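Taking this note's numbering, the leading residue of the sequence shown gets 34, the next gets one more, and so forth.
First comes the structure, then the notes that go with it.
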Amino acid sequence: MSITKETLEQHLKDPAIFCCRRQKGLVISAADLEDPSLFEDMEEAGLLKLSDDGLKIEQVIGSTLVCDVEALTPITRDMVDKVNEVTETASEDDAEKEEEGSVPAEENTGVSAGPAPQVKAVQGGNGMIHIEIGKAEKLEHLSMDIPVFSGTGAAVPVCTGEEDAGTADALSAPEAEKTGEKKVIRTLVKKHIRITDAEIGTETSIKDGKITIDKNIIERALKEDPLCKKIELDVIKPDNRHIYTETIMDICPIATKVEGELGSGVTKVADGVVFMLTGVDEDGVQIHEFGSSEGYLDEKMYFGHPGCADENDIIIRCNVVIEKKTGMTRPGPFAAHKCQDYIIQAVRDELKKYDGEVVREEVCEDVRRPGNPRVVLVKEIMGQGAMHVNVICPTEPCGILGGQKNVDCGNVPIILTPNQVRDGSIHALTCIGPATKEMTRHYIREPLVEGLAADSEMDLVGVIFVGSPQVNDEKMWVSERLGSLLESLDIDGCIITTEGFGNNHIDFIQHIGQAGKRGIPVVGVSFCAYQGQLVVGNKYADAMIEENMDKGGFENNVAGCSCVTKEVAARAIQMLKNKMAGVKIKPAPKKWDNEVINNNNRLLGLPDTVLLDSGTMH
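Here is the structure:
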């Protein structure tokens with residue numbers, strides 16, 4: 034695969050290898066040369082053998098070939114009419130120092146896109162910024178204090194191998210008018226009500242912390258959609274999770290509005306209990322497209338992750354059977370969600386009336402911090418029709434009724450306030466790979482929304498949801514609309530996430546490009562690792578955060594495993610700060626390496642990412 038002019042600049046010091054057979058008289062250009070990032074794999078496969086006599090790319094560009102040469106052949110002096118003289122701009126000692134000062138990459142994506150600076154910068158009350166480099170090649174446990182200037186809390190640039198550590202520009206004072214003073218737009222209060230027990234009985238009620246659901250509600254729920262043929266309800270306690278489950282379609286909180294509209298006022302949330310939707314069609318086919326989380330529940334859910342049940346949660350399981358051959362259509366899975374929501378609504382109605390113990394009161398604020406860097410969070414959600422769609426802005430938190438499906442809205446970007454997201458504005462219908470699927474509970478407690486909203490150094494403008502269509506032309510059209518919106522918002526940076534991998538990576542990368550070509554610093558967040566390596570890329574995808582938590586780097590069919598976590602969010606936010614500050618990001622290693630991620634975690638004071646060995650055949 035030949036390289037582009039942009040890629041050429043990054044690989045001038047790498048060996049010059051012809052990508053295809055070339056004939057005598059050719060003037061060598063980037064289009065004639067193989068991508069150096071592929072050399073390691075080619076050598077392992079026996080396709081390439083590098084030569085000690087081989088020339089570097091910068092030595093052969095513009096030279097004329099004096100003989101015919103076969104593909105994957107190192108270029109030597111006897112093959113060209115001239116060898117470009119190369120002037121070294123730095124001594125070997127300087128080069129070594131530069132390497133030591135480089136900021137390590139974040140995670141590999143399979144494309145020449147590099148991730149995160151491994152820097153921990155903490156502002157203390159003594160007017161200093163304390164910077165620690167925990168571990169890097171040839172450099173360990175470096176720590177230094179640098180004076181901090183008043184004004185915006187934008188990240189202070191940390192010197193990389195391409196910067197002079199002593200330059201004033203790296204620590205220039207922010208503009209004085211950037212105050213970052215907090216301005217509260219609206220407030221949402223989420224009252225978490227203690228629930229200690231649940232059962233299926235003869236009435237629907239909440240008494241003394243116990244939820245009871247009338248078993249006869251099933252008959253009424255089935256009338257909500259004729260495609261839903263059967264519903265079974267049961268309760269799974271925390272001490273009895275080694276039980277078989279059909280594929281997990283969704284984890285849904287029980288939350289209800291008691292005052293105001295979505296995103297403001299007061300919402301009650303049942304604490305300690307969730308609904309779990311599972312199901313098959315009449316032929317016993319699991320309702321899924323790629324992978325299935327059927328199996329023993331304690332092995333098929335990553336308990337404690339944002340979209341999942343927590344360790345001590347009671348699970349009310351709603352298992353459905355839908356009409357045969359509808360499991361991979363829009364109406365089939367939607368019927369299952371619709372019927373479950375009927376049951377949940379009955380519980381919501383009881384929760385509205387229940388005056389139970391408030392475990393905690395969560396005060397959520399939509400705030401603006403004028404003068405701080407203006408940022409948005411872009412969440413790419415599935416919008417490919419069939420099983421891939423979501424409900425946006427229902428009447429009740431995490432509900433169905435009153436909402437609109439993003440596919441029916443043309444998958445165009447829809448901007449919400451952080452509080453609307455935290456108040457359950459997204460109901461997830463998507464039935465993709467379990468590990469990378471963001472379920473309904475994920476959105477109501479999305480770590481990136483929480484992290485950005487709470488960050489006093491940022492001005493979070495809003496959260497944009499954009500669908501991922503199936504057809505490439507539609508992907509491009511939707512992505513262009515996103516680009517126009519980002520430009521109109523006049524932002525200083527953005528984080529773009531996506532669930533799943535493969536097809537949706539096409540528009541994911543397009544979104545990154547739409548931001549990048551407008552001069553907007555952008556960080557991408559996705560599952561890539563081994564199985565999900567990006568199939569496309571561009572020069573703006575140079576700051577990427579990996580979500581993978583599978584030992585083999587695969588979709589491991591464990592629900593909620595490889596999604597945005599607090600640690601992922603923290604790395605993404607810090608990377609965005611560094612990129613907005615002009616910090617150069619070192620390209621990622623060719624192959625995904627969890628140790629690179631953990632180095633970054635340690636620099637930010639985060640726990641190591643422990644990979645799950647699920648036993649999946651990798």
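We put the CB at the ideal spot given by N, CA and C, even for glycine.
All of these numbers come straight from a predicted model, not from anything done at the bench.
Do you know whose CA, among the options, lies nearest residue i's CA?
i    : options                   : result
A419 : E413, K438 and E628       : K438
G435 : I459, N537 and P427       : P427
L45  : N505, A104 and T120       : T120
D101 : K57, T473 and R110        : K57
D388 : V291, T220 and G484       : V291
V464 : S458, T473 and R514       : The question names Val, but residue 464 in the sequence shown is Cys. Here the closest residue by C-alpha is T473.
N423 : D283, D258, S96 and D641  : D283
G213 : Y329, P406 and E257       : P406
D343 : N581, E236, P271 and N452 : P271
K321 : H225, A468 and E390       : Going by the sequence as given, residue 321 is His instead of Lys. Cα-wise, what sits closest to H321 is A468.
F308 : E294, L59 and I281        : I281
I545 : K89, E513 and Y329        : E513
E429 : P259, K301, K610 and K224 : K301
I433 : N352, G586 and F367       : F367
H421 : I233, M361 and G557       : M361
A654 : V60, G638, M582 and G585  : Outside the displayed span of the chain (34 to 651) sits residue 654, for which this structure offers no information.
Around the C-beta of residue i, are 16 or more other C-beta atoms found within 10 angstroms, so that it is buried, or is it exposed?
i    : result
Y277 : exposed
S647 : buried
P107 : buried
G593 : buried
V569 : exposed
A64  : exposed
E67  : buried
I50  : buried
A154 : Since pLDDT at A154 reaches only 46, below the 50 mark, its modelled position is unreliable, and no value is offered.
A128 : Low confidence applies here, because A128 scores a pLDDT of 39, under 50, leaving its location unreliable; read the following figure in that light. Exposed, by the Cβ-count rule.
S489 : exposed
R253 : exposed
N631 : buried
G158 : Residue confidence for G158 is low, a pLDDT of 40 falling below 50, so the modelled location carries little weight and cannot support an answer.
T235 : exposed
S521 : exposed
I218 : exposed
K216 : exposed
A24  : Residue 24 is absent from the structure shown; the chain starts at 34 and stops at 651.
D492 : buried
G404 : buried
When you compare only the Cα positions, how much space is there between residue i and residue j?
i    : j    : result
L644 : P622 : 19 Å
E395 : C52  : 58 Å
A461 : F72  : 42 Å
S205 : V409 : Because S205 carries a pLDDT of 45, less than 50, the predicted location of this residue cannot be relied on, and no value is offered for it.
D382 : I244 : 12 Å
E39  : T530 : 25 Å
V99  : K115 : 10 Å
N117 : D47  : 14 Å
K599 : S84  : 46 Å
V313 : K624 : 37 Å
K550 : Q92  : 31 Å
G337 : I618 : 32 Å
M613 : T642 : 26 Å
L43  : N571 : For the record, residue 43 in the displayed sequence is Gln; it is not Leu. Those two C-alpha atoms are separated by around 13 Å.
S96  : L80  : 25 Å
F560 : E580 : 5 Å
N633 : L567 : 22 Å
S517 : S297 : 28 Å
E294 : H475 : 21 Å
C431 : V454 : 10 Å
G365 : N611 : 45 Å
H225 : I246 : 20 Å
V411 : I528 : 6 Å
Quick one: measure Cβ to Cβ for residue i and residue j, integer angstroms, because I've assumed they're closer than 8 Å.
i    : j    : result
V354 : K262 : 5 Å
V683 : A369 : There is simply no residue 683 to check, as the chain begins at 34 and stops at 651 in what is shown.
I524 : A574 : Actually they do not touch by this definition, with Cβ atoms about 18 Å apart.
L481 : A303 : Not a contact, Cβ separation roughly 24 Å.
Y335 : V496 : That pair is no contact at about 24 Å.
E532 : P339 : Not quite, the Cβ-Cβ distance comes to about 12 Å (not below 8 Å), so this is no contact.
E471 : K371 : Not really, about 20 Å apart at Cβ, beyond 8 Å.
What I want to know is whether the C-beta of residue i ends up closer than 7 Å to one or more non-hydrogen atoms of the ligand MN.
i    : result
T311 : Annotation note on the ligand MN: not contained in the displayed structure, which lists no ligands.
Taking only runs that begin and end inside the segment 50 to 93, name each unbroken beta strand (DSSP E) of 3 or more residues, in chain order. Taking only runs of at least 3 residues, no beta strand (DSSP E) segment lies wholly in the segment 50 to 93.
Report task. Go through the segment 379 to 427 residue by residue and report every complete run of the beta strand (DSSP E) that reaches 3 residues or more, in order. Result -> Restricting attention to beta strand (DSSP E) runs no shorter than 3 residues, the segment 379 to 427 encloses them at 391 to 401, 407 to 415 and 423 to 425, ordered along the chain.
Discussion item. Quick check on the DSSP output: what are the complete beta strand (DSSP E) runs of length 3 or more inside the segment 510 to 537, in order along the chain?
Written reply: Listed in chain order, the complete beta strand (DSSP E) runs (minimum 3 residues) inside the segment 510 to 537 are 526 to 531.
As an exercise, report each continuous beta strand (DSSP E) stretch of at least 3 residues that is fully enclosed by the segment 210 to 242, in chain order. Complete beta strand (DSSP E) runs here, min 3: 216 to 227, 230 to 234 and 238 to 240.
task = Give, in chain order, every unbroken run of the alpha helix (DSSP H) that is at least 4 residues long and sits entirely within the segment 285 to 333.
result = Fully enclosed alpha helix (DSSP H) runs of 4 or longer: 330 to 333.
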